[in-house]
Amino acid sequence: MILNYSIIPIKNFYQKENITIITIHGLFGNINSLHYIAKILNQRLKYKIIEIDVRNHGLSPKNSSMNYTIMAQDILDTLNYIRIKNNIIIIGHSMGGKIAMTLTKLIPNIIKKIIILDIAPVHYFYNNKNIFFILKKINKLKIFTKKKAFEIMNFYIKKKYIIKYFLNSFSYGKWQFNLPILNHEYDKILNWEKIPAWLGESLFLKGEKSSYINNLHYKDLFNQFPSARIYNIPAGHFLHIEVTNVVINQILNFCLK
C-alpha cells in the first residue's frame with residue numbers, strides 16, 4: 352500500500368551523505384505529529400525528510416488490518432515508490448516506533464539507525480478504552496468545531512497538549528483516523544512478535560514519567576537490539592511534545608555520531 356507522504360527537501364545545501372530520515376507518528380497521530388522535529392532536523396542535519404501517514408490515519412488509505420508486519424510493509428512500499436533505497440534513519444513514536452523496529456526485520460541492511468520514542472519491543476496490556484470512549488463521544492454528539500471538541504475532551508483529559516495531539520487529526524467534525532478500525536484492531540496494536548536481533552545503531556528515548564519502557568522490558572529490548580542506547584527524558588509518553596528541544600538535541604547528537 353502506498354501511503355500519504357510529504358518530503359522536506361534539501362534546499363541550497365550540499366548534502367555530504369545521501370541520508371534520508373523517515374518519521375512515523377503514533378496511534379491517533381498524523382503526518383504533522385513529528386513535523387516540527389522533522390523541520391529542525393532538516394535544517395540542522397541537511398538530510399532529506401520523509402513524513403508518512405500510517406494506514407488508517409491522516410490522508411493514507413483505509414484498511415481493516417493493522418498488524419506490524421503489514422504496516423511496516425506499507426512504509427517499505429512507499430519508500431520504494433519514491434525510490435528511497437539506502438541510508439535510512441527512522442524515527443518513530445509509540446506505534447510508529449514499533450513499525451520502525453519491524454522494518455529492521457524487513458530491510459536490515461539499508462537502515463542506518465533507528466530512533467524510538469517511548470516504546471519497547473514488547474506486548475502491552477494497557478487498556479486505553481477510555482480514549483476510544485471519548486473519541487466516540489465526540490462523534491456521537493456530532494461536534495463540528497475543534498473549540499467545542501476541546502471543551503468536551505478537557506472534561507476527561509486534563510493535559511491540554513494531549514488534547515491538542517488528538518485534535519490535530521480533527522477537521523470539520525470528523526476524525527482523520529479510522530476510529531472503528533483502530534478500535535477493532537487495538538489488541539494487534541498492543542501486540543508484538545519478537546524479531547531477529549538487529550545489530551545496527553538504535554536510540555530509545557524513554558519518558559521518565561511514562562511506563563512504556565521500564566526495567567521489565569530491558570531484557571527483550573536488548574535481545575532484539577543489542578546495540579541499543581537508552582536515554583531518559585524528563586517527560587511522559589508524549590515527550591516530543593512536552594520537551595521538544597530536549598528530544599531534538601538527543602536525536603541530533605545520535606545522528607551526528
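What the sequence shown shows, in my numbering, is residues 352 to 608, in sequence order.
The beta-carbon is built from N, C-alpha and C at its ideal position, and this holds for glycine as well.
In this text the structure is predicted, and so the values were computed from the model without any measurement.
Legend entry - Contact belief for Lys413 with Ile540 at Cβ below 8 Å, rounded distance in angstroms: The Cβ separation is near 15 Å, so there is no contact.
Inset, instruction - Could you tell me which residues DSSP pairs with Gly558 in its beta bridges? - result: Ile584
Inset, instruction - Measuring alpha carbon to alpha carbon, tell me which of Val594, Pro585 and Ser578 ends up nearest Phe605. - result: Ser578
Inset, instruction - With a threshold of 16 other CB atoms inside 10 Å of the CB of Glu402, please say whether the residue is buried or exposed. - result: buried
Inset, instruction - Pull up the distance between the alpha-carbon of Thr371 and that of Asn565, whole angstroms please. - result: 30 Å
Legend entry - Contact the stretch 383-397 vs the stretch 497-506: 3+ CB pairs below 8 Å: no
Inset, instruction - Hey, could you find the ends of the alpha helix (DSSP H) His496 is sitting in? - result: With the sequence shown as reference, residue 496 is identified as Thr, and His is not the correct amino acid for it. Thr496 -> no alpha helix (DSSP H), and no H or E assigned at all.
Inset, instruction - Closer than 7 Å by C-beta to Ile462: which residues in its own chain qualify, once you throw out the five before and the five after it? Chain order, please. - result: Ile439, Ile441, Leu454, Thr455 and Gly551
Legend entry - Burial state of Thr374, where buried means 16 or more other Cβ atoms lie within 10 Å: buried
Inset, instruction - Alpha carbon to alpha carbon, how far is Leu530 from Leu486? Give it in angstroms, no decimals. - result: 8 Å
Legend entry - N- and C-terminal bounds of the beta strand (DSSP E) containing Gly443: Ile439 to His444
Inset, instruction - Could you check if Phe484 is buried or exposed, using at least 16 other CB atoms within 10 Å of its CB as the buried criterion? - result: exposed
Inset, instruction - Determine the direct distance from the alpha carbon of Thr420 to that of Gln575, and round the result to whole angstroms. - result: 16 Å
Legend entry - Buried versus exposed, by CB contacts within 10 Å (16 or more), Pro585: exposed
Inset, instruction - Would you kindly work out how many angstroms separate the C-alpha atoms of Tyr475 and Ile482, rounded to a whole number? - result: 16 Å
Inset, instruction - Note down the Cα distance separating Glu593 from Lys436, rounded to an integer number of angstroms. - result: 33 Å
Legend entry - Limits of the alpha helix (DSSP H) - the one that Ile403 falls within: First-last for Ile403: Lys399 to Ile403, but that is the beta strand (DSSP E), not the alpha helix (DSSP H).
Legend entry - Opening and closing residue of the alpha helix (DSSP H) in which Leu468 lies: Looking at the DSSP string, Leu468 is not in any alpha helix (DSSP H); the run it does join, the beta strand (DSSP E), is Ile462 to Leu468.
Inset, instruction - With DSSP as the reference, label Ala423 as helix, strand or coil. - result: helix
Inset, instruction - Pull up the distance between the alpha-carbon of Asp428 and that of Leu392, whole angstroms please. - result: 24 Å
Legend entry - Assigned secondary structure, Phe517 (DSSP; H/G/I helix, E/B strand, else coil): helix
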